[in-house]
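Student: Take any residue in the sequence shown, note its place counting from 1, add 244, and you have its number in this note's numbering. Here a beta-carbon is modelled for each residue, glycine too, at the ideal position from N, C-alpha and C.
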Amino acid sequence: MASRRISGRAHLWRNAGTVLCALLFYYFVPVGLELPGFWPTRVVTVVAFVAGVGGLSWLAYRRIGQFLSQSGDTGHRVDGLLFLISLVVLFFSLFYYVLELRQPGQFSDLRTRNDALYYTVATLGTVGFGDVHAVGQAARIATTVQMAFDLVVIGTLLAVTTTGITRRLDHRDVGGPR
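1. Closer than 8 Å is the cut-off here; do at least three beta carbon pairs connect the stretch 383-391 with the stretch 332-340?
2. Please confirm whether Ala295 and Leu268 have their CB atoms less than 8 Å apart.
3. Between which residues of its own chain and Arg253 is the CB-CB distance below 6 Å, once the five residues before and five after are set aside?
4. In whole angstroms, what separates the C-alpha of Phe327 from that of Thr262?
5. Output the distance between the C-alpha atoms of His190 and Ala403, rounded to the nearest integer angstrom.
6. Grab the span of the alpha helix (DSSP H) containing Thr367 for me, first residue to last.
7. Leaving aside the five residues before and after Ala366 along the sequence, list all residues of the same chain whose C-beta is less than 7 Å from its C-beta, in chain order.
8. Do Leu401 and Leu325 have their C-beta atoms closer together than 8 Å?
9. Helix, strand or coil: how does DSSP classify Phe339 here?
10. Classify Phe351 as helix, strand or coil using the three-state DSSP reduction.
11. Does DSSP classify Met245 as helix, strand or coil?
12. Just to confirm my understanding: we take Gly299, look at its own chain, exclude 5 residues before and 5 after, and list those with CB closer than 6 Å. What are they?
13. Using a 10 Å radius around the Cβ and a threshold of 16 neighbouring Cβ atoms, would you call Arg357 buried or exposed?
14. Could you work out which residue in Arg346, Ala292, Leu256 is closest to Val275 when comparing CA atoms only?
15. Within its chain, find whatever has a CB closer than 6 Å to the CB of Leu368; leave out the 5 residues flanking it on each side and keep chain order.
16. So, is Leu361 buried or exposed, given that buried needs 16 or more other C-beta atoms within 10 angstroms?
17. Excluding five sequence neighbours on each side, which residues of the same chain lie with their C-beta closer than 6 Å to the C-beta of Thr364?
18. From the DSSP secondary-structure annotation, give me the bridge partner or partners of Ala378.
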C-alpha cells in the first residue's frame, strides 16, 4: 500500500511538472512580435522558455522510457497519453496564436495567448462556445486537423483505460491479485 501511495505521488509530481513546463514554454516562447525591449525582460523570457523546453524534453524522454519498459501498466500508458494531449494542446495553442499574429482575421476574437489556449481546450472538449471561432481557411484547416487528432487520441485513451479495467476485472474473477 505504501509503495502504491509513493507511486501515486510520483505520478502527481510528474504531471504537475509537465503542466508547469508546458506553461513556461507556451507563455514565454518568443514569437517575434511581443518581445519587450528592456533587456532584463528579454533575459527572463529566454530563461523561462529554455527552462520550459528543457523540462518538457526531459519529461518526454522519461515518459517514453517508462512507456516502453512498462507497456502493460495501464497507469503509465494513460500518463503517456495525457502527456501527449498536453503537448498537442500546447502545439495547437501556439500555432493558432502565431497564425492570428501573422495573418490577422483568421479567427474571430482570438487576440492573446490565453484566447488561443481557451480555443484549443474548447475544441478538444468539443464544447465550442462560439465566442472564438475559425473564420479563415487556414484556421479552419488547422482546427479540422486538431479535431481529427483529438478524436484519435481520446479514442486511444478510452481504449487503454477500458483494457486496463477489463484486465483488473478478469484477474478478480480468476482469483488473481487485487
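Tutor: According to the data block:
1. yes
2. With respect to Leu268, Ala295 sits close: the two C-beta atoms are nearer than 8 Å.
3. Counting only Cβ-Cβ distances below 6 Å, and skipping sequence neighbours, we find nothing.
4. If I take the Cα positions, the gap works out to 7 Å.
5. For the chain, the structure presents residues 245 to 422; residue 190 sits outside this window and is missing.
6. Here the alpha helix (DSSP H) through Thr367 covers 357-368.
7. Gly372, Phe373
8. One thing to note: Leu401 has its Cβ within 8 Å of the Cβ of Leu325.
9. In this structure, Phe339 counts as helix in the three-state DSSP scheme.
10. strand
11. With a pLDDT of only 43 at Met245, under 50, the local geometry of the prediction cannot be trusted, and the value read off the model is given with reservation. In the structure shown, Met245 sits in coil (DSSP, three-state: anything other than H, G, I, E or B).
12. Cys265
13. buried
14. For Val275, the nearest C-alpha among the options comes from Arg346.
15. If you ignore the 5 residues before and after Leu368, its C-beta comes within less than 6 Å of the C-beta of Asp394, all in its own chain and listed in chain order.
16. Buried, by the Cβ-count rule.
17. Val333, Phe336, Ser337
18. Phe351
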